[in-house]
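Counting from 1416, one number per residue, gives the positions in the sequence shown under this note's numbering.
All residues carry an ideal CB built from backbone N, CA and C; glycine is no exception.
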Amino acid sequence: MKIAIIGTGYVGLPTGVGFAELGNKVVCIDNDTKKITSLREGKITLFEDGLEDLLKKNHQNGNITFTTSMEEGVSGADVVIIAVGTPPHPVTKEADLKYIYAAATELAQYITDYTVIATKSTVPIGTGDKLEELISKANPQAQFDVVSLPEFLREGYAVYDFFNPDRIIVGSDNEKATKVITKLYEPFASKTNILYVKRRSSETIKYASNSFLAIKIQYINEIADFCEATGANVLEVAKGMGLDTRIGTKFLNPGPGFGGSCFPKDTQALKFMSKQYNVELSLIEATITGNIARKKKMATKILAASTTPAPNIAILGLTFKNGTDDCRESPAMEIVSAILEQNPHAKITAFDPQGMKNAELILGDKIKYAPTMYDTLKDAEVLAVLTEWPEFKELDLSKCASLMKHKCICDFRNLLNAQDAQNQGFTYHGIGR
Ligand code: NAD
């Protein structure tokens, strides 16, 4: 099939490469000229395990091409997938649809034959209806239908998740469009659940799923605080809870709060929609409030662990999780800002295996960036571990002890062995234990 993908970010690029690998002819469109120039040279524009090799292979065999021209990408496509950003509006926090609307208005002009327009971007309920109106208005002759194909990939596992999805949700109110999408997902039909639902249900499934996971994280974080107060160990508690198949083991890792480009914005967008529809979603509201407060509390904990008025603080981990270079709404970004708000004299030096460039775009020169893990530690009073990169687990704690001014660790991912740290003379603060 001929597929156009609008937006070559964390969703659009792995999706485009995945469909190309399945033998489709894919054109990826982005209005960021720099990204398209890099991709045309076979250079990857984001960090995602396994993506670069697949990209090169499919670029060389001609299954995937890159362009800034909407006309070149959309003309003659069977399916146009919209994968542009839907960031939170800076004031209202609703999903800002300006990129979606701009893409739809532009693509409308180049629809030639019958085309299915699919939203992979996370969009508010009813966006499919609005896109139909907008495209018809921009091009009254266009023959098209709009479907919702929400994306559930995990950053860091995007390639794996493309080929091995837990489920595929197809939100379509139209039989002709459903047939096209059924053909598109034919290679997955024998190995995964494909659920066909109303378009509005599909749009809702995405928000309801992400918000459920956010609630689960906030819940275990609150239980972790409770364990700290009662003397229980949250790791044992989470294990005991997870053995109940009704609860499950996933998303029961306590930490510094949830972040990333999806959970904070999607919970906020759902809250905004609940107000629009006058429906109370109190669990979501409590989760958002609790999660924002948690990051400030983490900053307070780090500062409380230091002893001088202008402490040197070492931070390991800037991305919102391991396996990605994405720092958008990363807990580390917010904890760093909160530390500097609470104590403007604090001096922070940080390291991340993949996220330094993106972190610098957000934090600028508010902190120093170290070339290795150990370079963060010279004269540091506190070491704070904020992302669960596996390499941090391998830290040589005796080397850390020799470099630091005070021996104190705030391990907010429960990554290190507390006993080993204590044996090296560290004061160790984990989460919930
Ligand atoms: P991103 O910011 O990484 O990528 C968006 C891309 O769209 C950018 O490269 C941008 O230049 C491009 N773009 C914007 N307007 C355009 C236009 N008019 N024409 C062409 N290109 C345009 O965003 P992302 O993380 O890939 O997220 C995209 C959507 O997918 C969002 O709605 C997000 O909520 C959703 N989503 C993201 C993830 C994730 O893990 N990142 C997972 C599931 C769903």
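{"Asked": "If distances are taken between C-alpha atoms only, which option among Val1489, Ala1518, Gly1488 comes closest to Gly1500?", "Found": "Ala1518"}
{"Asked": "Going by the beta-carbon positions, is the gap between Gly1457 and Leu1470 smaller than 8 Å?", "Found": "yes"}
{"Asked": "Under 8 Å, with one C-beta from each stretch per pair, do the stretch 1438-1456 and the stretch 1481-1491 reach the 3-pair mark?", "Found": "yes"}
{"Asked": "Return the chain-ordered ranges of every beta strand (DSSP E) run that is complete within the stretch 1762-1807 and spans a minimum of 3 residues.", "Found": "1762-1766, 1797-1800"}
{"Asked": "Quick one: measure Cβ to Cβ for Thr1530 and Ser1563, integer angstroms, because I've assumed they're closer than 8 Å.", "Found": "The pair is not a contact, with the Cβ atoms about 16 Å apart (cut-off 8 Å)."}
{"Asked": "Does the beta-carbon distance from Ala1523 to Ala1498 come in below 8 Å?", "Found": "no"}
{"Asked": "Are Asp1767 and Thr1791 close, meaning C-beta to C-beta below 8 Å?", "Found": "no"}
{"Asked": "From the DSSP secondary-structure annotation, give me the bridge partner or partners of Phe1481.", "Found": "Cys1443"}
{"Asked": "Report yes if the C-beta distance between Pro1539 and Ala1510 is below 8 Å; otherwise report no.", "Found": "yes"}
{"Asked": "Would you check if there are 3 or more beta carbon pairs closer than 8 Å linking the stretch 1607-1624 to the stretch 1662-1675?", "Found": "no"}
{"Asked": "Following a CB-centred definition, is Asn1773 positioned closer than 7 Å to any heavy atom of the ligand SAH?", "Found": "In terms of ligand content, the structure shown lacks the ligand SAH and carries the ligand NAD instead."}
{"Asked": "Mind checking who Ser1563 pairs with in its DSSP beta bridge?", "Found": "Thr1534, Gly1586"}
{"Asked": "Determine the DSSP secondary structure at Asn1866, reduced to helix, strand or coil.", "Found": "Outside the modelled stretch of the chain, which goes from 1416 to 1848, sits residue 1866, for which no answer is possible."}
{"Asked": "Over the uninterrupted beta strand (DSSP E) stretch that includes Ile1421, give me the two end residues.", "Found": "1417-1421"}
{"Asked": "Need the endpoints of the beta strand (DSSP E) that Leu1549 sits in, please.", "Found": "Segment 1542-1553 is the alpha helix (DSSP H) holding Leu1549; no beta strand (DSSP E) there."}
{"Asked": "Can you tell me whether Val1499 sits near the ligand NAD, meaning its C-beta is under 7 Å from at least one heavy atom of the ligand?", "Found": "yes"}
{"Asked": "State the beta-bridge partners of Thr1842 as determined by DSSP.", "Found": "Cys1823"}
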